[in-house]
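Novice: Mind having a look at this structure? Questions to follow.
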Amino acid sequence: MNSEIEIRSGAAVDQPTTPAPPVAGDTSYKSWGNYPQASHKKILRPAWMDEITGKLLCDNAPLLAYGLGRSYGDSCLNDGGTLMDMRGLDRILHFDAEQGSIVCEAGVSLGEILLIVVPRGWFLPVTPGTKIVTLAGAIANDVHGKNHHVEGTIGCHVEQFGLVRSSGSEVVCSRDENPELFAATIGGMGLTGVIVWVELRLKKIVSAQIEMDTVAFSTFEDFIRLSSDEEGAKYEYTVGWVDCLSGRKTRGIFMRGNHATEGKLQTHPEKTKLSVPFMLPGFTLNPLTIRAFNSLYYTIGRSKAGHSQVHYDPFFYPLDKVGDWNRIYGRAGFTQYQCVVPESEVAAFQEILERIARGGQGSFLGVIKKFGSVKSPGMMSFPRPGLTLALDFPFRGAQTLRLFAELDEVVLAAKGALYPAKDPRMSPRMFRLSYPRLEEFRRYVDPALSSSFWRRVAEETA
Amino acid sequence: MSQGLVILGATSKIAQEVARIAAREGREVLLVARNNERLEAVSGDLVARGASRVESIAADLSDTGKHEALWAQVEQRMPEMSSVLLAYGSLGDQARAETSVPYTMRELNTNFSSAASLLSYAAASLERRKSGVLAVITSVAGDRARRSNYVYGSAKGALTLFVQGLRARLFASGVRVLTIKPGPVDTPMIAHMKKGPLTASPKSVAAIIYRQMEEGNAEVIYIPAYWRVIMAVIRAIPEGVGKKLKF
Numbered sequence: 001m002n003s004e005i006e007i008r009s010g011a012a013v014d015q016p017t018t019p020a021p022p023v024a025g026d027t028s029y030k031s032w033g034n035y036p037q038a039s040h041k042k043i044l045r046p047a048w049m050d051e052i053t054g055k056l057l058c059d060n061a062p063l064l065a066y067g068l069g070r071s072y073g074d075s076c077l078n079d080g081g082t083l084m085d086m087r088g089l090d091r092i093l094h095f096d097a098e099q100g101s102i103v104c105e106a107g108v109s110l111g112e113i114l115l116i117v118v119p120r121g122w123f124l125p126v127t128p129g130t131k132i133v134t135l136a137g138a139i140a141n142d143v144h145g146k147n148h149h150v151e152g153t154i155g156c157h158v159e160q161f162g163l164v165r166s167s168g169s170e171v172v173c174s175r176d177e178n179p180e181l182f183a184a185t186i187g188g189m190g191l192t193g194v195i196v197w198v199e200l201r202l203k204k205i206v207s208a209q210i211e212m213d214t215v216a217f218s219t220f221e222d223f224i225r226l227s228s229d230e231e232g233a234k235y236e237y238t239v240g241w242v243d244c245l246s247g248r249k250t251r252g253i254f255m256r257g258n259h260a261t262e263g264k265l266q267t268h269p270e271k272t273k274l275s276v277p278f279m280l281p282g283f284t285l286n287p288l289t290i291r292a293f294n295s296l297y298y299t300i301g302r303s304k305a306g307h308s309q310v311h312y313d314p315f316f317y318p319l320d321k322v323g324d325w326n327r328i329y330g331r332a333g334f335t336q337y338q339c340v341v342p343e344s345e346v347a348a349f350q351e352i353l354e355r356i357a358r359g360g361q362g363s364f365l366g367v368i369k370k371f372g373s374v375k376s377p378g379m380m381s382f383p384r385p386g387l388t389l390a391l392d393f394p395f396r397g398a399q400t401l402r403l404f405a406e407l408d409e410v411v412l413a414a415k416g417a418l419y420p421a422k423d424p425r426m427s428p429r430m431f432r433l434s435y436p437r438l439e440e441f442r443r444y445v446d447p448a449l450s451s452s453f454w455r456r457v458a459e460e461t462a
Numbered sequence: 001m002s003q004g005l006v007i008l009g010a011t012s013k014i015a016q017e018v019a020r021i022a023a024r025e026g027r028e029v030l031l032v033a034r035n036n037e038r039l040e041a042v043s044g045d046l047v048a049r050g051a052s053r054v055e056s057i058a059a060d061l062s063d064t065g066k067h068e069a070l071w072a073q074v075e076q077r078m079p080e081m082s083s084v085l086l087a088y089g090s091l092g093d094q095a096r097a098e099t100s101v102p103y104t105m106r107e108l109n110t111n112f113s114s115a116a117s118l119l120s121y122a123a124a125s126l127e128r129r130k131s132g133v134l135a136v137i138t139s140v141a142g143d144r145a146r147r148s149n150y151v152y153g154s155a156k157g158a159l160t161l162f163v164q165g166l167r168a169r170l171f172a173s174g175v176r177v178l179t180i181k182p183g184p185v186d187t188p189m190i191a192h193m194k195k196g197p198l199t200a201s202p203k204s205v206a207a208i209i210y211r212q213m214e215e216g217n218a219e220v221i222y223i224p225a226y227w228r229v230i231m232a233v234i235r236a237i238p239e240g241v242g243k244k245l246k247f
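Right under this line is the structure:
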């Protein structure tokens, strides 16, 4: 009488189990921008890789895997469908501290990886501006960081991963094995299957510190000069912060850095001290407060200009210090406009900055960066050689949408693109024109998977 | 003190979090659970997090007939054991239990009889060593039987009493016995329920368990501590009233 013990999950007498039954109309899973909202018919919370099977995907279609919800728009939402919370898959399966590679389950966060690898002298090969994202989420969005001009996207450093498709069991994807599926899944927005584990190559470091230079710039030409290939070659990490409300003058701060060559291999603190405990009223951010913030940031940046040594945590992840900082934008939420245009289209880039300044809707944080030419294996990757701009906007309905539609036309005319991970509103036309491999990608989309984003911008009309 | 840690039911969420803390401290850990593939995932994770040695044994813990052989293997693989944590259990399906007696008996075996059997072997091991900690996760549900889950509750209640008895027996040999009574914890075990305000995180529960095992001197702990008060109130409800309650 030993074999038939049934148990919901998890305990010693475990056996493959089906994740939890539905929670009706769950609205607790949000995107980072809190716009748009979604209600999910069903939430699955698997705790083990073996629970994720082709049958599970079929039975719960349309389904989307959800990580830490740091996508701003609706690419991490699946309104009316099933969301599969992947955070239960948070195990490091193997860490090779000699060769510098790590195999993790899909739901492990980049911050958790750093805690393991930094003390042994390794670092993420590419990191976005937050470490509170899952590894699989980072791959699904083929994230980039301050070293794009040197290292490309995170997809460039993925050795292989396991992908579960509704048609069967797990398939291993790498540059040699199922290379088409590998390419479609990197930057594939979670639509080609559910990533269950990933092997990532790491970067060798000898110190957790970053040697940082801060330079204030007051014209766009200065920024371009600081971002030149010649200058960029000297610094692994480069990024500019720009004050979009300063009118015609593009003033800002340029930050650049390299891993220090000596120092301790100290990790970041595990807990954040500060946190925004609840949604602030929407009026907290208005053009005036934003202008004040931007001026202050610029002044502080200028006074600190010069050389300093900082820990990787404040250098890469300044906003991670404040938990749930998105709540400062209130219930209406916020969004980010991130575009890229080829470097030859500097004029378009400047026009975008000017239109934003004229629009007066402001942006808390404007980040500019020159992407390099390192090519990602990803079919649908956003980064491409050129200049990228990322601006946060409090969401103000029609007014915000109108401004974005104007900006879209400038981006399109310049042969640029928008970043799906940040987008709650681009048109199907915009998506189609800026992602030339869309039709090819469509062939690899798993029929059991979908997202709010995908239905909005790319679903074929019969 | 901090030598080998043996975890029975090592793939439960709370057990995994306890093991991670032990791993960070560079300890040796022996994991026992049914599913080999899952044990491998947990082992890899603990090694990556710093455990100096991780051993695992795949075994069906409900099979009491094999416990003697299983425990011999535990002794052999982790001769320097200093702490044993029993962490498995099954919440079960009360409605099903009410229509299937064999199912009820299986649930009682999982939550009580099999645990009592394993604990008897573990107790003898530690008694011989004249030191160590034997920690057992029971439940606040064992403090009073309730309409909605008395099969689970009665098994956990019996387990609580059994552990109390072991405490009295092992006291003389210097072995500490710790009874752990968590309230609802956000684990796959209760994933089908709506999360209430009193649901604790596995990580925080594990931190308390580990600290109490390694440094504490408590005999019976409730996690979070306010459950001691809540359960005192629930226990005080007169039987005549209690039988009419649906909770």
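Residue numbers (the numbering used here), protein chains in the order written: chain A, 1 to 462; chain X, 1 to 247. We put the CB at the ideal spot given by N, CA and C, even for glycine.
1) Judging by CA-CA distance, which residue of L85/X, G157/X and A69/X is the nearest neighbour of M213/X?
2) What's the gap between the Cα of S31/A and the Cα of G69/A?
3) In angstroms, rounded to a whole number, what distance separates the CA positions of P21/A and D176/A?
4) Go ahead and pull the three-state DSSP assignment for Q3/X.
5) Counting only C-beta atoms, is Q15/A closer than 8 Å to chain X at any point?
6) Compute the distance between the beta-carbons of I221/X and K156/X, then report whether it is under 8 Å.
7) Counting contacts by CB-CB distance shorter than 8 Å, is D95/A in contact with chain X?
8) Suppose you measure from the CA of S12/X to the CA of T134/A; what does that come to, to the nearest Å?
9) Using CA coordinates, which residue listed in I205/A, A65/A and G80/A is at the minimum distance from V117/A?
10) Kindly indicate which residue of I356/A, G129/A, T250/A and Y66/A has the alpha-carbon position closest to the one of V319/A.
11) Should D324/A be flagged as near chain X, meaning a C-beta pair shorter than 8 Å?
12) The alpha helix (DSSP H) spanning A473/A covers which residue range?
13) I'd like to know whether the C-beta of I195/A is nearer than 8 Å to at least one C-beta of chain X.
14) Distance, Cα to Cα, F453/A vs T82/A?
15) According to DSSP, simplified to helix, strand and coil, what is P22/A?
16) Measuring straight from C-alpha to C-alpha, what distance separates G132/X and S82/X?
17) Using a Cβ-Cβ cut-off of less than 7 Å, give me the residues of the region 116 to 148 of chain A that come near chain X, in sequence order.
18) Taking the alpha carbon of E55/X as the reference point, which residue from L198/X, G92/X, A158/X and P79/X has its own alpha carbon closest?
19) Could you pull the start and end residues of the alpha helix (DSSP H) that S28/A belongs to?
20) Residues of chain A with CB closer than 8 Å to the CB of V42/X, please, in chain order.
21) Is it the case that the CB of A458/A approaches a heavy atom of the ligand ZN more closely than 7 Å?
22) Consult DSSP for W241/A and reduce its assignment to one of helix, strand or coil.
23) Using Cβ-Cβ distances below 8 Å, what residues of the region 46 to 74 of chain A are close to chain X?
24) Helix, strand or coil, according to DSSP, for C104/A in the structure here?
25) Which two residues bound the contiguous alpha helix (DSSP H) that contains L108/X?
26) Select from V205/X, G4/X and R27/X the residue whose C-alpha is nearest the C-alpha of Y226/X.
27) Is it buried or exposed, Q76/X, if we count other Cβ atoms within 10 angstroms and call 16 or more buried?
28) If distances are taken between C-alpha atoms only, which option among L412/A, A448/A and A183/A comes closest to A339/A?
29) Pick helix, strand or coil for S139/X, following the three-state DSSP scheme.
30) At the level of alpha carbons, what is the spacing between L77/A and V239/A?
31) For E270/A, collect the residues of the same chain with a Cβ closer than 8 Å to its Cβ; drop the 5 residues on either side in sequence, then sort them by chain order.
32) G243/X: buried (16+ other C-beta within 10 angstroms of its C-beta) or exposed?
33) Can you pull the DSSP bridge partners for Y222/X?
34) Could you pull out every residue in the same chain whose Cβ sits closer than 7 Å to the Cβ of W197/A, ignoring the five residues on either side in sequence?
35) For R49/X, which residues in chain A fall below 8 Å Cβ to Cβ?
36) When we look at the beta-carbon of D229/A and count the other beta-carbons within 10 Å, is it buried (16 or more) or exposed?
Specialist: Judging by the given coordinates:
1) Relative to M213/X, the option among L85/X, G157/X and A69/X whose CA is nearest is L85/X.
2) Within the model, the alpha-carbon separation for S31/A versus G69/A is close to 5 Å.
3) Caution applies to P21/A, whose pLDDT of 47 falls short of 50 and renders its modelled position unreliable; the value that the coordinates give is listed next. For P21/A and D176/A, the distance between alpha carbons rounds to 38 Å.
4) coil
5) With a pLDDT of only 36 at Q15/A, under 50, the local geometry of the prediction cannot be trusted, and no value is derived from it.
6) Contact flag unset, no.
7) The amino acid occupying residue 95/A in the given sequence is Phe; Asp does not appear at that position. So, interface residue.
8) Answer to the nearest angstrom: the Cα atoms are 22 Å apart.
9) I205/A
10) The residue asked about is misnamed: residue 319/A is Leu in this sequence, not Val. Answer by Cα proximity: G129/A.
11) no
12) The first residue shown for chain A is 1 and the last is 462, placing residue 473/A beyond what the model contains.
13) With 8 Å as the cut-off, I195/A does not count as an interface residue toward chain X.
14) 14 Å
15) Caution is warranted here: a pLDDT of 44 is assigned to P22/A, below 50, making its placement in the model unreliable, and the coordinate value is therefore given only provisionally. Note: P22/A maps to coil in three-state DSSP.
16) 5 Å
17) Against chain X - using a Cβ distance shorter than 7 Å - the residues of the region 116 to 148 of chain A are I116.
18) Here the closest residue by C-alpha is P79/X.
19) Where S28/A is concerned, there is no enclosing alpha helix (DSSP H), given that its DSSP letter is neither H nor E.
20) R91
21) Summarising the ligand content, the structure contains no ligands, and the ligand ZN is consequently not present.
22) strand
23) Against chain X - using a Cβ distance shorter than 8 Å - the residues of the region 46 to 74 of chain A are A47, W48, M49 and D50.
24) strand
25) V101 to L108
26) V205/X
27) exposed
28) A small correction: the amino acid at residue 339/A is Cys; Ala does not occupy that position in the sequence shown. It is L412/A.
29) coil
30) 29 Å
31) L115
32) The amino acid at residue 243/X is misidentified as Gly; the sequence shows Lys. Counting Cβ neighbours within 10 Å, K243/X comes out exposed, since fewer than 16 surround it.
33) Per DSSP, K181/X.
34) M49, L93, V103, C104, E105, A106, F161 and G162
35) I92 and I116
36) exposed
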